[in-house]
Structure formats: C-alpha cells, structure tokens
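Enquirer:
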Amino acid sequence: EQTVRLIRSKGIGVFFVTQSPKDVPSGVLAQLGNRVQHALRAFTPDDAKALKQAIATYPHTAYDMEKLLTSLGIGEAVVTVLSDRGVPTPVAWTRMKAPNSLMDPSPQATMDAVVNASPLKTKYADVVDRESAYELLAKRLEAAPAAPQQAPAPQQAPAPASAPRQRAPKEEPSLIQQVAGSSAFKSMLRSAGTVIGREITRSIFGTRRR
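The working numbering applies: residue 79 is where the sequence shown begins, and numbers increase by one.
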C-alpha cells in the first residue's frame, strides 16, 4: 500500500490485473479510479461474499449488478472510469475489442505508408550529416602550425669528485702544557684557591683562627 501511494504521488498510473477484486488490499482499491471488471462467478460462499462486496463499491446504476456481473460473456466487461473532474462515470456494459497485431516483420510498403503519413516526416525525412565536435577539433589541429621542435639542451659534464681532505698532523704538547694539564697540578690549584679565599674572608670579617 505504501509503495502504491509513493508511485501515485509522482503522477504515475498503476494498473492491477487480478482474477478477483479481493486479490488487491482494500487500502489500494480505495486509490484506484478506473475499473474494468469481467465476469464474476459465485460458485462458493466465499465467491458470493466477494461478489456482494464488489457490487457495493460501484457507483449507483440502473443495472442489476449481481445479475450483470454473473452473466458477462467472453469479451464483455463492466467499465467505470474517472471523468475530467475526477468523478467516477456511470457503469457501462461494454464489449472489449482485442487489439490486432502481427508477430511478423512489417512489409516495406507498410513502413513507407506509416512514414509518409507521419507529421514528423517534414522535419526528419532529410538526412543531415552534421559535423561532430570531434571533427571540428580535428580540423583545428590540422590547421594549427606545427610548433618548432627545440634542440635538446647540452648535458653538463659531471663535476670532478673532490679529493678527501688530509688532516693536519697534531702537534705534540710542550712540557708546560703537560704539567698544566696534569691532575696533580689541577688539585694543587684548587687547594691554593681554597686557602686564599679563606684568608680573604677572615681579613674582611675579622675572624680568628680556631
């Protein structure tokens, strides 16, 4: 039911072909406007109940609907459609004419007659070979002057690999540098600095030796 509502909301017609009206849900039947009902047979109690329900849904008519629906023959139907104002038309007992068709290919004479009678012949009969976008672009490429080819740039010779730098020979330390860098000399300097600092502090604050 929801699917039918969505389809009809887009302005698309929906047709159901069933053996009995009860094959379609009531919610869907309420949305249908055109009805073509062929003969209904009431052989069982369920069929008789379905017949009465179908008759109750038709507009008021002078026909005896129960007698009419059960007496319809081959090619006959009860038809009601919506008018231009959207109102159901009166029920009409109608004889249906089956469409005539062939499964064979149409003869050339038939095809020519249909084409000659068509109002579109004056517009589409003459074959026009228009230029496509591909053909227009191909002509532009052919008409364009060929660009001069540039000579390849000369390749530069690779730079010579630089020779590894040689380390300068390390000078041997002198005797004075060896003495100044020794641990004994550094310890003597620290001791002397401690004694000198202590004597300066005593002379400033006037403290005596214990």
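C-beta atoms are modelled at their ideal positions from N, C-alpha and C, and glycine is treated no differently.
In this text the structure is predicted, and so the values were computed from the model without any measurement.
Excluding the 5 residues flanking residue 114 on each side, which residues of the same chain have their C-beta closer than 7 Å to its C-beta?
Expert: Hits under 7 Å: 155 and 157.
Enquirer: Examine the Cβ distances between the stretch 162-174 and the stretch 137-145 and report whether three or more of them are shorter than 8 Å.
Expert: Touching, per the Cβ criterion.
Enquirer: Does the beta-carbon of residue 180 have 16 or more other beta-carbons within 10 angstroms, so that it is buried, or is it exposed?
Expert: Under this definition residue 180 is an exposed residue.
Enquirer: Let me make sure I understand the geometry here. Which of 182, 186, 136 and 146 has the alpha-carbon closest to that of residue 165?
Expert: Checked all of 182, 186, 136 and 146; the closest Cα to residue 165 is 136.
Enquirer: Do residue 149 and residue 128 come within 8 Å of each other at the CB atom, strictly closer than that value?
Expert: Result no, Cβ atoms of residue 128 and residue 149 do not sit closer than 8 Å.
Enquirer: Is DSSP giving residue 154 helix, strand or coil here?
Expert: It is a strand residue.
Enquirer: Residue 163: which of 274, 111 and 203 sits nearest, CA to CA?
Expert: Considering only alpha carbons, the answer is 111.
Enquirer: Which of the three DSSP states, helix, strand or coil, is assigned to residue 115?
Expert: The answer is strand: DSSP assigns residue 115 an E or B state.
Enquirer: Starting from the C-beta of residue 106, find all residues in its chain whose C-beta is less than 6 Å away, skip the five residues before and the five after it, and write them out in chain order.
Expert: Correct list, in chain order: 79 and 82.
Enquirer: Which two residues bound the contiguous beta strand (DSSP E) that contains residue 172?
Expert: Start and end: 170-173.
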